[in-house]
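Per the numbering used here, the very first residue in the sequence shown carries number 2; after that it's consecutive.
Backbone N, C-alpha and C define an ideal beta-carbon position, used for all residues, glycine too.
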Amino acid sequence: PEKNGPPMPWFGMDIGGTLTKLVYFEPRETNRREIDKETEVLKNIRRYLTRNSAYGKTGRRDVHLQMDNVTIRGRRGTLHFIRFPTSEVGAFLQLARSKGMADLVNTIYATGGGAYKFEEDFIKEVNMRLSKMDELDPPYAEPALSQYVRKPFDFSHPYPFLLVNIGSGVSLLVVNSPENFYRVSGTSLGGGTFLGLCCLLTGCSSFEEAISLAASGDNTTVDKLIRDIYGGDYTRFGLPGDLVASSFGHMCSADRRAKVSREDLARATLVTITNNIGSIARLCASNERIERVVFCGNFLRVNPLSMKLLSYAMSYWSKGALKALFLEHEGYFGAVGCLLNLDT
Ligand code: ADP
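Written out as structure tokens, the structure reads:
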């Protein structure tokens, strides 16, 4: 390594699920010696990257973000911010080859799922190594969704518990005793959101229809998964490849939209709403140090899929510490409470 850091050019890259972001440091020569040192290839790269504000049809340089006069590792220069769709990574590699970049750079400091997914392409196409974070713990093993079964739970000593009422909207309450309870959180993304979005996206007209569409659908044609972005598991953070990374993330593509079915859209809507609620419930439970989470509300009516997803989410994200509990009379607890209050 040289006194002033690695040899030029200096890049940082973030290969995301949708966009690839490239930051390029353009050094400002301070003396004759440094100008002479800049090779033809470096000049080429610099000219190419700094002259155009558009690269081909899809690349963009965000000129308004440009930072002049920054000092990095003792060198003064300009930072350029460039982005292009990750679907164009192949074209970028060809460009890197044609500009001779690959002869100069053997390591790119990269992050984002694509740093894993495209690792081999970078080596094969341009002989560039992607330097990224090391891998850590393997994911926590959890039974598959299909293995979740209904089991009775002894609730004779119920307190404390977290109550998650999934109606049109969602409320979360900490319940310490019949008299001691308070609302800790909520979200407007609830059962009404599921039904409303489903009606819009699939043309269905009832909750039952929405649920039965969802039951036969496949959300992986709609949602972008960890593996779609990383090429596999994201083991550094223990994220399995089949986890949803971006709900509805595939629907930015016109091709994908043209092929998607009503069933798949209903399924993705259900999974999106359910997982979001599961995530909020889990955060509240761990914040309040409560292990039992009771779900109710009519969103769970005739909806075993959401119950399985919630059970899975509770257990998975807490490494088995949290329990999701469901009530046979899911939607009726408000009415039951009124009834019980009659004689008080
Ligand atoms: P709220 O008190 O807000 O009306 P509920 O607990 O009754 O809440 O739940 C309403 C949600 O239950 C709806 O948004 C929908 O997702 C779901 N649901 C279940 N069955 C039906 C149904 N027959 N008609 C409408 N929505 C239903």
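Contact annotation: Leu80 and Phe12 have beta-carbon atoms that are not nearer than 7 Å. In the structure shown, the three-state DSSP call for Ile167 is strand.
For Arg302, the shortest C-beta to heavy atom distance toward the ligand ADP is below 6 Å. In this structure, Ile83 is the residue among Leu50, Ile83, Leu20 with its C-alpha nearest to the C-alpha of His65.
Beta-bridge annotation (DSSP): Lys22 is paired with Asp15, Arg84.
A direct Cα-to-Cα measurement between Leu311 and Lys133 gives close to 33 Å. In the DSSP assignment, Pro28 is bridged to Gly78. Secondary structure at Ser213: helix, using DSSP grouped into helix, strand and coil. For Ala322, no alpha helix (DSSP H) run applies, since DSSP gives it neither H nor E. DSSP places Ile281 in the uninterrupted alpha helix (DSSP H) bounded by 263-288. Under the 8 Å Cβ criterion, the stretch 231-248 does not count as touching the stretch 185-203, having fewer than three qualifying pairs. In this structure Leu202 is not in contact with Leu105, their Cβ atoms being roughly 49 Å apart against a cut-off of 8 Å. The C-beta separation of Lys309 from Tyr149 comes to about 4 Å, placing the pair in contact by the 8 Å criterion. Residue range 102-105 is occupied by the alpha helix (DSSP H) that includes Ala103. If you draw a straight line from the Cα of Thr112 to the Cα of Leu131, it comes to about 9 Å. Between the stretch 196-216 and the stretch 235-251 there are fewer than three C-beta pairs closer than 8 Å, too few to call the two in contact. Closest by C-alpha distance to Ser248, out of Thr72, Glu264, Thr275, is Thr275. Pairwise C-beta distances place the stretch 278-291 out of contact with the stretch 252-265, as fewer than three of them are shorter than 8 Å. The shortest CA-to-CA distance from Ala97 to any of Cys200, Ile278, Met129, Leu301 is the one to Met129. Counting along the chain, the unbroken alpha helix (DSSP H) around Cys200 starts and ends at 192-203. Looking from the CA of Thr270, the closest CA among Gly193, Leu341, Lys58 belongs to Gly193. Cα atoms of Arg29 and Arg76: separation of roughly 8 Å, rounded to the nearest angstrom.
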